[in-house]
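The opening residue of the sequence shown carries number 1 in full-length UniProt numbering; numbering runs sequentially from there.
Glycine included, each C-beta is placed from N, C-alpha and C at the ideal position.
Note that the coordinates shown come from a computational prediction; the quantities given were computed from them, not determined experimentally.
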Amino acid sequence: MLFSVVIPVYNKEKEIRSTLETVLVQSFTDFEVVLVDDGSSDGSMEVIKGIKDSRIRLFTQKNQGVSAARNAGIRQAVGQYIALLDADDRWEPSYLKEQYDLIQKYPQCGVFAVNYSYVYSSGAKVPNRVNHLDFCGMDGILKDYFRVAAFSQPPVCSSAVVIRKDCLESVGGFPVGITSGEDLITWARLAYRYEIAYSKKCLAWYILREELELTSTPTRFFDSDYVEQQLIALLRKDTGYMYKSSLRKYIGLWFKMKSSVYFRADRKRECWKYGMKSLRYNPACIGQYAILLLAVLPLGVRNMAKRYVQSVKTKNRVS
């Protein structure tokens, strides 16, 4: 078995059938599907059981969070490579074939990623924007992952990545007990140790729920400093890692993201706290200065700025 498709499921009865259908019609067929139900209270289990396919294996556990569900699926997987997929995202039919081609072309890599598109609640589909790639063709090796990630939208997505099982196990899988950033720190740990093969083809759909869109008011906040602590620990490792300057900028991006979330929630104190941390690691980040400037303006002006950003983004989705 080459691929084990690992899908954590929690209360996705409306989405899981469509997601599974995009897996089962893959043109590359050497795979199994490992689903881990993380204590769903809706009809997710019944929907999955109603899909009759010998490649599907279903496991259940008490609710422990997405990281624990992924880790459980990885333990059960028999494939050499783990193809992650969230329960409400989608694949193009050629997705696994493209990943197979990357593995054949770049066997020295431990991580294999393809580009993806954002699908907004309006139905608009927008390709992910990736800058500063280390190659000119349609695929290649992402040598300086942190530089690309610091100056782009995320190059690696949890529904558009395949990881060699032993590589994923070597970094401890996904961290359990945190509610945000578990993907980010896992990609960072992998990028620090392994090369990443990358394809520019958009072959996965990342479905954005309305509360996750950039112009919405955040409803979920960061409950710990675990991710930043782990990123800084990577930076301080004395291993001769040649891309530490890019890692510094990447850490600055993490703090900028936190600052932006608190700005959108009108929590000025936290916005400034993480904004200043962001500038400590990446003092050239113009966007962070803009966030801090807006944060000190009167509430009415801030709301006008937010409405302007929303109108621009809406226009860009339509055009």
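Report buried or exposed for residue i, applying the criterion of at least 16 other Cβ atoms within 10 angstroms of its Cβ.
i, result
"residue 115", "buried"
"residue 164", "buried"
"residue 135", "exposed"
"residue 298", "exposed"
"residue 228", "buried"
"residue 127", "exposed"
"residue 293", "exposed"
"residue 90", "buried"
"residue 62", "exposed"
"residue 290", "exposed"
"residue 82", "buried"
"residue 73", "buried"
"residue 307", "exposed"
"residue 78", "exposed"
"residue 256", "buried"
Measuring alpha carbon to alpha carbon, tell me which residue in the options is nearest residue i.
i, options, result
"residue 264", "93, 254, 302 and 153", "302"
"residue 284", "149, 260, 252 and 237", "252"
"residue 105", "140, 205, 45 and 295", "140"
"residue 66", "267, 84, 204 and 198", "84"
"residue 92", "82, 50, 18 and 62", "18"
"residue 37", "241, 203 and 57", "57"
"residue 334", "22, 138, 2 and 12", "There is no way to answer for residue 334, as the model of the chain reaches only from 1 to 319."
"residue 150", "120, 245 and 78", "245"
"residue 129", "202, 191, 266 and 177", "202"
"residue 39", "173, 64, 189 and 240", "64"
"residue 87", "81, 144, 147 and 69", "69"
"residue 102", "138, 120 and 131", "138"
"residue 187", "307, 34, 230 and 287", "230"
"residue 47", "20, 30 and 31", "20"
"residue 146", "209, 73, 235 and 90", "235"
"residue 31", "62, 226, 120 and 5", "5"
"residue 2", "14, 42, 41 and 100", "100"
"residue 247", "300, 190, 16 and 55", "190"
"residue 267", "34, 250, 295 and 16", "295"
"residue 282", "249, 41, 9 and 73", "249"
"residue 198", "300, 131, 240 and 175", "131"
Between the C-alpha atoms of residue i and residue j, what's the straight-line distance to the nearest angstrom?
i, j, result
"residue 200", "residue 117", "11 Å"
"residue 122", "residue 237", "44 Å"
"residue 304", "residue 280", "29 Å"
"residue 109", "residue 195", "5 Å"
"residue 242", "residue 277", "23 Å"
"residue 12", "residue 159", "15 Å"
"residue 45", "residue 51", "10 Å"
"residue 350", "residue 258", "Within the shown structure, residues of the chain are numbered from 1 to 319, placing residue 350 beyond reach of any answer."
"residue 162", "residue 143", "17 Å"
"residue 113", "residue 232", "25 Å"
"residue 287", "residue 71", "36 Å"
"residue 254", "residue 43", "36 Å"
"residue 225", "residue 54", "42 Å"
"residue 240", "residue 10", "41 Å"
"residue 275", "residue 260", "8 Å"
"residue 35", "residue 16", "10 Å"
With a threshold of 7 Å (Cβ to nearest heavy atom), would residue i be considered close to the ligand SAM?
i, result
"residue 240", "Although the ligand SAM was asked about, the structure shown includes no ligands whatsoever."
Measure how close the beta-carbons of residue i and residue j come, nearest whole angstrom, since I'm counting them as under 8 Å.
i, j, result
"residue 76", "residue 59", "6 Å"
"residue 133", "residue 148", "6 Å"
"residue 120", "residue 208", "5 Å"
Touch test, the segment 25-33 against the segment 88-98, Cβ-Cβ under 8 Å, three pairs minimum | yes
Counting pairs of Cβ atoms below 8 Å between the segment 151-171 and the segment 266-274, do you hit three or more?
-> no
Stretch pair the segment 183-196 + the segment 150-165: three plus CB contacts closer than 8 Å = yes
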